[in-house]
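Novice: Quick one: the structure is below, and I'll ask about it shortly.
Following this line, the structure appears as structure tokens:
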């Protein structure tokens, strides 16, 4: 039972354009959502998060949008840069589960020059 | 601040052998996590410590996996005996308290069981 789904295994975007990574979830009890970025041979690094009481959070080139009615969130990267090429993981947590993270399978983002 | 340290970075063993991984979390981080990440999947929590007590080990295969956190700081994860399906990256992470704002991960140990 996958509670957090990232349906696109990979995404290719031209440098300078917008990258949009998507994530769907099934558990309405989740109250915190996070995006992590992972380079090869490194651990995931925290990128940006959003509380379930908000619908948007922005940090520089990164914006996360949350649509609770659709149980969907997305990460926008504008403009995309070569260093953004990595695997992006969506994760969700609930206070009822001590904020343990439930992870998606990841989307590999490739930024083309 | 220094990050989460893990060793070794890589390990190749034969099936039925034993292996141990070590993790040193960020100083002051009360919560420590061990994750298993199989290629193409998201990380799967194996065990969560709060200081030196276990919070959750429901997904730890206890017939072959064991973990301890010494004095609420360093931690070791052991597999004995290893199976082919244990081939994965083992990630250690730590957080200050609840982890609501995310965890800090180490670089992981890539285990190959042949």
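Chains as they are written, first to last, in my numbering: chain Y, -12 to 100; chain U, 182 to 295. Where is the CB? At the ideal position from N, CA and C, for every residue including glycine.
#1: Are residue 73 (chain Y) and residue 89 (chain Y) touching if we call contact CB-CB under 8 Å?
#2: Could you name the residues of chain Y that residue 288 (chain U) contacts, counting a contact when the two beta carbons are closer than 9 Å?
#3: Taking the CB atoms as reference points, tell me whether residue 61 (chain Y) and residue 49 (chain Y) lie closer together than 8 Å.
#4: Near residue 251 (chain U), what residues of its chain come up, given a Cβ to Cβ distance below 8 Å and the 5 sequence neighbours on each side ignored?
#5: Could you check whether residue 285 (chain U) and residue 207 (chain U) sit closer than 8 Å to each other, using their CB atoms as the reference points?
#6: Between residue 79 (chain Y) and chain U, is any beta-carbon pair separated by less than 8 Å?
#7: Please check if any C-beta of chain U sits within less than 8 Å of the C-beta of residue 47 (chain Y).
#8: Name the DSSP beta bridge partners of residue 258 (chain U), please?
#9: How many Å lie between residue 191 (chain U) and residue 56 (chain Y) at the Cα?
#10: Strictly below 9 Å CB to CB, what residues from chain Y border residue 236 (chain U)?
#11: On a CA-only basis, which of Y:35, Y:0, Y:-8 and Y:-9 is nearest residue 67 (chain Y)? Give me that one, please.
#12: Considering residue 295 (chain U), what are the terminal residues of the beta strand (DSSP E) in which it resides?
#13: Strictly by DSSP, which residues pair up with residue 239 (chain U)?
#14: Just the Cα atoms here: how many angstroms apart are residue -5 (chain Y) and residue 14 (chain Y)?
#15: If you count every other CB in all the chains shown that lies within 10 Å of the CB of residue 248 (chain U), and 16 or more means buried, which is it?
#16: In its own chain, which residues sit with a C-beta less than 6 Å from the C-beta of residue 197 (chain U), not counting the 5 before and 5 after it?
#17: Taking residue 99 (chain Y) as the reference, give the member of Y:-7, Y:11, Y:4 and Y:-8 with the closest Cα.
#18: On a CA-only basis, which of Y:47, Y:71, Y:87 and Y:86 is nearest residue 96 (chain Y)? Give me that one, please.
#19: Could you tell me the boundaries of the beta strand (DSSP E) in which residue 214 (chain U) lies?
Specialist: Looking at the coordinates:
#1: Within the first chain, numbered from 1, the residue matching residue 73 (chain Y) stands at position 86. Within the first chain, numbered from 1, the residue matching residue 89 (chain Y) stands at position 102. Using a Cβ distance threshold of 8 Å, residue 73 (chain Y) and residue 89 (chain Y) do not count as a contacting pair.
#2: As a first step, residue 288 (chain U) is located in the second chain; it is residue number 107 there, counting from the start. Residues of chain Y whose Cβ lies closer than 9 Å to the Cβ of residue 288 (chain U) are, in chain order, 28, 29 and 30.
#3: For the purposes of this step, residue 61 (chain Y) is identified with residue 74 of the first chain, where counting begins at 1. For the purposes of this step, residue 49 (chain Y) is identified with residue 62 of the first chain, where counting begins at 1. In this structure, residue 61 (chain Y) lies away from residue 49 (chain Y), with their beta-carbon atoms at least 8 Å apart.
#4: Numbered from its first residue, the second chain carries residue 251 (chain U) at position 70. Residues of the same chain with a CB within less than 8 Å of the CB of residue 251 (chain U), apart from the 5 flanking positions on each side, are 233 and 257 in chain order.
#5: Position 26 of the second chain, counted from the first residue, corresponds to residue 207 (chain U). Position 104 of the second chain, counted from the first residue, corresponds to residue 285 (chain U). Yes, the Cβ-Cβ distance between residue 207 (chain U) and residue 285 (chain U) is below 8 Å.
#6: The count along the first chain starts at 1 and reaches residue 79 (chain Y) at position 92. Judged by the 8 Å Cβ criterion, residue 79 (chain Y) is not in contact with chain U.
#7: Indexing the first chain from 1 puts residue 47 (chain Y) at position 60. Output row for residue 47 (chain Y): interface = no.
#8: Indexing the second chain from 1 puts residue 258 (chain U) at position 77. Bridge partners of residue 258 (chain U): U:202 and U:248.
#9: For the purposes of this step, residue 191 (chain U) is taken as the residue at position 10 of the second chain. For the purposes of this step, residue 56 (chain Y) is taken as the residue at position 69 of the first chain. Spanning the two alpha carbons is a distance of roughly 44 Å.
#10: Taking the first residue of the second chain as 1, we reach residue 236 (chain U) at position 55. Result: 85 and 87.
#11: By one-based count along the first chain, residue 67 (chain Y) stands at place 80. When only C-alpha atoms are compared, the closest one is Y:0.
#12: Translated into the one-based positions of the second chain, residue 295 (chain U) becomes position 114. Where residue 295 (chain U) is concerned, there is no enclosing beta strand (DSSP E), given that its DSSP letter is neither H nor E.
#13: Within the second chain, residue 239 (chain U) is the residue found at index 58, counting from 1. DSSP output for residue 239 (chain U) lists no bridge partner at all.
#14: By 1-based counting over the first chain, the position of residue -5 (chain Y) is 8. By 1-based counting over the first chain, the position of residue 14 (chain Y) is 27. The straight-line gap from Cα to Cα measures roughly 20 Å.
#15: Working through the second chain from its first residue, we reach residue 248 (chain U) at position 67. Result: buried.
#16: Residue 197 (chain U) sits at position 16 when you count from the first residue of the second chain. Hits under 6 Å: 262.
#17: Start at 1 with the first residue of the first chain, and residue 99 (chain Y) comes out as number 112. The shortest C-alpha separation from residue 99 (chain Y) is found at Y:4.
#18: Indexing the first chain from 1 puts residue 96 (chain Y) at position 109. The option with the nearest alpha carbon to residue 96 (chain Y) is Y:71.
#19: As a first step, residue 214 (chain U) is located in the second chain; it is residue number 33 there, counting from the start. It spans 212 to 218 - the beta strand (DSSP E) in which residue 214 (chain U) sits, taken as one unbroken run.
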